[in-house]
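In my numbering, the protein residues as written are 1 to 184.
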């Protein structure tokens, strides 16, 4: 008798959505966030291949918003942990393209250049950019972060201060101000 009652309850629960006329909606944005969270869980437990798959799904579901920057950054972190630096580099560049207001994306890019032993060459390229266009704020930001990474406080402060002067109203400038206070 209890089994029959349990089956009746299950049957009624299954029928309720149909009786109410509701539909099941698939929301790709929510699913993307869910897959990103799964990827972060995999990343925490060093399951990098699982994380990569989850982040790729998140990107496929939501590839045109600022949130995509976080997904690409997380994907790049997974590739970085595996030593696949070229793919990590591409992901960090895409993350910055979607949302350039996170210092962490820039720092991850710099870490990847350093791991590839390309940081000196990249530094020279950014210095050329600044020489050719002293108003290139992104080049100032990158140089400031590179010199901070290399413990060259004087040059880091110089370039980050110039970035702050050129871009006083950006969200990322607030993070730069904090860095400058820490270095002084």
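C-beta: ideal position from N, C-alpha, C; glycine also.
Suppose the cutoff is 6 Å on Cβ atoms and the five residues either side in sequence are ignored; what does the same chain contact list for residue i look like?
i          : result
residue 49 : none
residue 94 : 72
Quick one: Cα of residue i to Cα of residue j, how far?
i           : j           : result
residue 151 : residue 171 : 24 Å
residue 83  : residue 60  : 23 Å
residue 196 : residue 34  : Summary: the structure shown does not reach residue 196, with the chain confined to residues 1 through 184, and so no result is reported for it.
residue 58  : residue 4   : 42 Å
residue 186 : residue 132 : Residue coverage of the chain in this structure runs from 1 to 184, which leaves residue 186 outside it and unanswerable.
residue 39  : residue 29  : 15 Å
residue 68  : residue 162 : 29 Å
residue 126 : residue 178 : 23 Å
residue 119 : residue 142 : 11 Å
residue 36  : residue 54  : 6 Å
residue 137 : residue 167 : 7 Å
residue 124 : residue 41  : 38 Å
Quick one: residues in its chain with C-beta nearer than 7 Å to the C-beta of residue i, no 5 flanking neighbours on either side, listed in chain order?
i           : result
residue 156 : 144, 147, 148 and 183
residue 88  : 76, 79, 80 and 112
Here's a check: name, in chain order, each residue in its chain whose Cβ is nearer than 8 Å to the Cβ of residue i, leaving out the five neighbours to either side.
i           : result
residue 43  : 51, 74, 77, 78 and 81
residue 105 : 69, 73, 92, 95, 96 and 99
residue 46  : 81
residue 107 : 145 and 149
residue 90  : 76
Pop quiz: residue i and residue j are said to be a contact at Cβ under 8 Å. What is the actual Cβ separation, rounded to whole angstroms?
i           : j           : result
residue 98  : residue 109 : Not quite, the Cβ-Cβ distance comes to about 13 Å (not below 8 Å), so this is no contact.
residue 129 : residue 139 : 4 Å
residue 113 : residue 122 : 5 Å
residue 175 : residue 96  : That pair is no contact at about 14 Å.
residue 173 : residue 164 : 6 Å
Is the Cβ of residue i closer than 7 Å to any Cβ of chain C?
i           : result
residue 124 : Considering every chain present, this structure includes no chain C. It has just one protein chain.
Residue i: which of the options sits nearest, CA to CA?
i           : options              : result
residue 185 : 54, 32, 41 and 45    : Outside the modelled stretch of the chain, which goes from 1 to 184, sits residue 185, for which no answer is possible.
residue 27  : 105, 62, 117 and 46  : 62
residue 56  : 106, 70 and 46       : 70
residue 117 : 167, 86, 158 and 168 : 86
residue 169 : 101, 41 and 107      : 101
Could you tell me which whole alpha helix (DSSP H) segments of length 4 or greater appear in the region 70 to 154? 85 to 98, 103 to 115, 119 to 132 and 137 to 149
Along the chain, which unbroken stretches of the beta strand (DSSP E) at least 3 residues long are found entirely within the region 152 to 183? none
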